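Using my numbering, the first residue of the sequence shown is number 407, and each one after it goes up by one. C-beta atoms are modelled at their ideal positions from N, C-alpha and C, and glycine is treated no differently. Since the structure is predicted, the reported quantities are computational estimates derived from the model, not experimental observations. First the structure, in the form of structure tokens, and then the observations on it.
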Amino acid sequence: MPTLYEVVNYHSYAEFMSVYNSSDASLIINDLLLRSLGNYDTTTRFAIASQLLDDGADPAAQYEIGHRWSPGWTSIYAIDDAPAHQRGPITRCPCPEPRTRIPPASG
């Protein structure tokens with residue numbers, strides 16, 4: 407059986423839920439959120455991240471080095487190779503489509 411970390415990274419939402427227990431994962435929920443953002447399947451990435459956010463993961467926790475999420479995206483659907491100084495917290499878009507790009511703040 408795959409570990410929780412493996413399921414977050416490489417498997418489906420159903421497999422994730424089969425090994426995930428929010429009370430058992432409360433101490434590592436922010437780490438799980440970080441790992442879930444690296445999942446290449448957009449549907450799985452969004453579903454797992456949404457579940458973790460609903461269970462209390464801190465959206466600001468994704469500021470770790472190596473996770474390149476642009477503040478210009480309104481959702482967690484897309485990876486952007488933004489430089490470190492342009493990274494920002496993930497946000498949850500009320501509507502999954504279309505993906506819209508918000509221009510970076512000037513200044």
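Say whether chain B places a C-beta atom closer than 7 Å to the C-beta of residue i.
i, result
"G444", "Absent from the structure is chain B; it holds one protein chain and no more."
Could you spell out the range, first to last residue, of the alpha helix (DSSP H) harbouring residue i?
i, result
"L410", "L410 to Y416"
"S424", "Y419 to V425"
Determine the direct distance from the alpha carbon of residue j to that of residue i, and round the result to whole angstroms.
i, j, result
"S442", "S428", "15 Å"
"T450", "V413", "10 Å"
"T409", "L438", "12 Å"
"A463", "I435", "6 Å"
Under three-state DSSP, which class holds residue i?
i, result
"N445", "coil"
"Y460", "It should be pointed out that residue 460 corresponds to Asp in this sequence rather than to Tyr. In this structure, D460 counts as helix in the three-state DSSP scheme."
"I434", "coil"
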